[in-house]
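J.: Residue numbers (the working numbering), protein chains in the order written: chain A, 16 to 293; chain B, 9 to 133. Where is the CB? At the ideal position from N, CA and C, for every residue including glycine.
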């Protein structure tokens, strides 16, 4: 799912095309400023976000996040079928129901031209459009939801996506901050403090200019300061930073490694800094 | 039915029992497990993911046996009950139970980050 977003190497900007499955949003990695690049992500959204998105030319933005292809999840309130398309109004409770248009393949009447009835929960994947100030989604997939827990997961995916993408597009060097140490949901207090769902940020007040937390900076400077060709070992780090637990050190090392600040040498326990200012 | 059309066109905050008192007079969406249906069919109780109970009052009498997880849309009354405009069952027929506790946790998350999960209508069309 989203957890893979922490890696600084490209994960490909595509979306999974399987019509039935979850469209996994892929993070476009830190360096790509949105100047000329058309967004290649598919982003879980709420209807309210679609309605309130700002528009510049063809590009839509929800806050700092550029959106083009989106997924929404809601209940069909009404349907309208014509020869060439099916129109749904999909309600996800965040706003008035959204217009969703799905083109019918007139060549192949057997395919997908059954109208889903009102009261059906669906996951819609498509492109946000605005025509004469009226927002709608042109869908390439309208899939009935069979596992209602998707309602729950979509809500969480929306929050995570907009939080992570918003950060990665406004901060340099820190990636999306979405390391694989995702804070479990049962600690909402933690989420509240940092405004981040990953374990990477120790807290807003601990942030230094380079986007790293205090712990991460401490670990990084120790690694940088080591002159040995094989680098410094995790055990050495633990000895030098005895207030920091091994788990926290390992977390910092993993994050720094994912971000490209350090690399492992003779084994997974030894690290050197990528920028050696000795 | 005019009631129902109106309420469907506005944001309906997703709430648990604890949040009902903050939404009096406002439209909400409440997901819970059906507990007891009153013999008159005009009201029933539901439990949320935290085990608390709310009362749902119906405009029209129930014409079917209600059980399982229901999603109710309605206005919160002064007494903290929900005057339902419409409801639908969340299907569990594919053998996948709906995790109500997880849903309640998710509501905490979306309430903590309203900037990432807004309930609002666009200011302009």
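(1) Using C-beta distances below 7 Å, list every residue in its chain close to residue 108 (chain A), excluding the 5 sequence neighbours before and after it, in chain order.
(2) I'd like to confirm the pairing. Which residues does DSSP put opposite residue 84 (chain B) in its beta bridges?
(3) Could you name the residues that DSSP lists as bridge partners for residue 51 (chain B)?
(4) Taking the C-alpha atoms as reference points, what is the distance between residue 109 (chain B) and residue 58 (chain B)?
(5) Check the DSSP bridge columns for residue 10 (chain A) and list the partner residues they point to.
(6) Strictly under 9 Å for the Cβ-Cβ distance: is residue 64 (chain A) near chain B by that measure?
(7) Check each candidate in A:165, A:151, A:233, A:145 and name the one with the smallest Cα separation from residue 137 (chain A).
(8) Can you tell me whether residue 159 (chain A) is buried or exposed? The criterion is at least 16 other CB atoms within 10 Å of its CB, across all chains shown.
(9) Does the distance from the C-beta atom of residue 77 (chain B) to that of residue 117 (chain B) stay below 9 Å?
(10) For residue 104 (chain B) and residue 162 (chain A), what's the separation of their Cα atoms in angstroms?
(11) Using a C-beta to C-beta distance shorter than 8 Å, which residues of chain B count as neighbours of residue 161 (chain A)?
(12) Answer yes or no: do residue 88 (chain B) and residue 21 (chain B) have a C-beta to C-beta separation smaller than 9 Å?
(13) What first and last residue would you give for the alpha helix (DSSP H) that runs through residue 70 (chain A)?
(14) At the level of alpha carbons, what is the spacing between residue 207 (chain A) and residue 122 (chain B)?
(15) Evaluate residue 145 (chain A) with the Cβ neighbour count: other Cβ atoms within 10 Å of its Cβ, from every protein chain shown; 16 or more gives buried, anything less gives exposed.
(16) Excluding sequence positions up to five away, which residues of its chain have a Cβ less than 7 Å from the Cβ of residue 112 (chain B)?
T.: Reading it off the structure:
(1) none
(2) DSSP output for residue 84 (chain B) lists B:32, B:90 as bridge partner(s).
(3) B:65
(4) Spanning the two alpha carbons is a distance of roughly 6 Å.
(5) Because chain A is modelled from 16 through 293, residue 10 (chain A) falls outside the range shown and cannot be assessed.
(6) yes
(7) A:165
(8) exposed
(9) No; because the gap between Cβ atoms is not below 9 Å, this pair is not in contact.
(10) 6 Å
(11) 99, 102, 104
(12) no
(13) Careful: residue 70 (chain A) lies outside any alpha helix (DSSP H), inside the beta strand (DSSP E) at 69-71.
(14) In this predicted model, residue 207 (chain A) has a pLDDT of only 39, less than 50, meaning its place in the structure is not dependable enough to derive any value.
(15) That one is exposed.
(16) 24, 56, 57, 58
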